[in-house]
């Protein structure tokens, strides 16, 4: 009898709770909720379109401004391209920050309160953003010291290639095979820049002990006299070192040419081709 009373009481309370929940559920103004969701969705689309237009117009304005600036500046093209790329990155990051702020505010997230919570923000910054801060600080000093410019040929660690973009967080280097490398700025410790000074082209022609050195030198001088006026990239005239040993201990006839950076391979190929052709026509014996 007591168990039946307890069960009846529990059933009554459960029935009452279900009725209360059903009543609250049916009292919801679904039309108002739907209108609110639709309104916020339309606002979200509008904000996205507005920020998309701002980013597009900003990029067009920055590109046009730098195009005019390049025509009357004394800075190198690489340096101007670096500042151009950095300006685009800063503008994009700024727009994305305000876009994210607007979205969070729209969905009701108290962004101001979160930012005001300096303690939580400091902990998050210290624990989760150390790498980002290191990237930004290192990138700032790389730009300040002009270690790199867009278009420079560099070696960073084991990666060698052409700098295609400089950002506040990463540096992009394209390898000769086309691989695009994204290097966090904090990992850039030693930079070898091949695009700042004149470069040394060393041409070694293998010879043996029977090679007539006077005839060989004469042919090389004739080639130099003919080719040097054709290349404005050359600094002084080629220097004929003469017979020497290379790093493998092989007897070679060495010529040193100083040329503007970025033209090394073109100069090497042109002069070496001309040397070998002239030597062959003179029937001079080289190393067999």
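Residue numbers (full-length UniProt numbering): 1 to 288.
Beta carbons are placed, not taken as given, at the ideal position from N, Cα and C, and that holds for glycine.
> At which residues does the alpha helix (DSSP H) containing residue 231 begin and terminate?
Replying inline: Residue 231 -> no alpha helix (DSSP H), and no H or E assigned at all.
> On the three-pair Cβ rule with 8 Å, is the segment 184-202 touching the segment 136-155?
Replying inline: They touch, by the three-pair rule.
> For the segment 194-268, which segments carrying the beta strand (DSSP E) assignment without a break, of at least 3 residues, lie completely within its bounds, in sequence order?
Replying inline: With a minimum length of 3 residues, the continuous beta strand (DSSP E) runs that stay inside the segment 194-268 are 199-206, 239-245 and 251-259.
> So does the segment 163-179 actually touch the segment 84-96, counting three or more Cβ pairs closer than 8 Å?
Replying inline: These segments touch.
> Which value, in whole angstroms, describes the spacing of the CA atoms of residue 191 and residue 266?
Replying inline: Near 24 Å, if we compare the C-alpha coordinates of residue 266 and residue 191.
>> On a Cα-Cα basis, can you pick out the residue from 207, 175 and 275 that is closest to residue 238?
In response: The option with the nearest alpha carbon to residue 238 is 275.
> So residue 220 packs on residue 243, CB below 8 Å; how close in whole Å?
Replying inline: For a cut-off of 8 Å, the C-beta gap from residue 220 to residue 243 is around 12 Å, too long to register as a contact.
> In three-state DSSP terms, what is residue 159?
Replying inline: Here residue 159 sits in strand by DSSP.
> Hey, residue 106 and residue 44 are a contact pair by Cβ (cut 8 Å); roughly how many whole angstroms apart?
Replying inline: Right, their Cβ atoms sit about 6 Å apart.
> Which residues mark the beginning and the end of the beta strand (DSSP E) in which residue 180 is found?
Replying inline: Looking at the DSSP string, the run of the beta strand (DSSP E) that includes residue 180 is 180-184.
> Would a C-beta distance cut-off of 8 Å place residue 203 and residue 286 closer than the cut-off?
Replying inline: No. Outside cutoff.
>> By the three-class DSSP mapping on this structure, what secondary structure does residue 172 have?
In response: In the three-state reduction of the DSSP assignment, residue 172 falls in the strand class.
> Between the C-alpha atoms of residue 51 and residue 100, what's the straight-line distance to the nearest angstrom?
Replying inline: Cα to Cα, residue 51 sits roughly 10 Å from residue 100.
> Expressed to the nearest angstrom, what Euclidean distance is found between the alpha-carbon atoms of residue 25 and residue 37?
Replying inline: Any reading at residue 25 needs caution, since the residue's pLDDT is 48, under 50, leaving its predicted position unreliable; the model's value is listed next. Using only the alpha carbons, I get a separation of about 18 Å.
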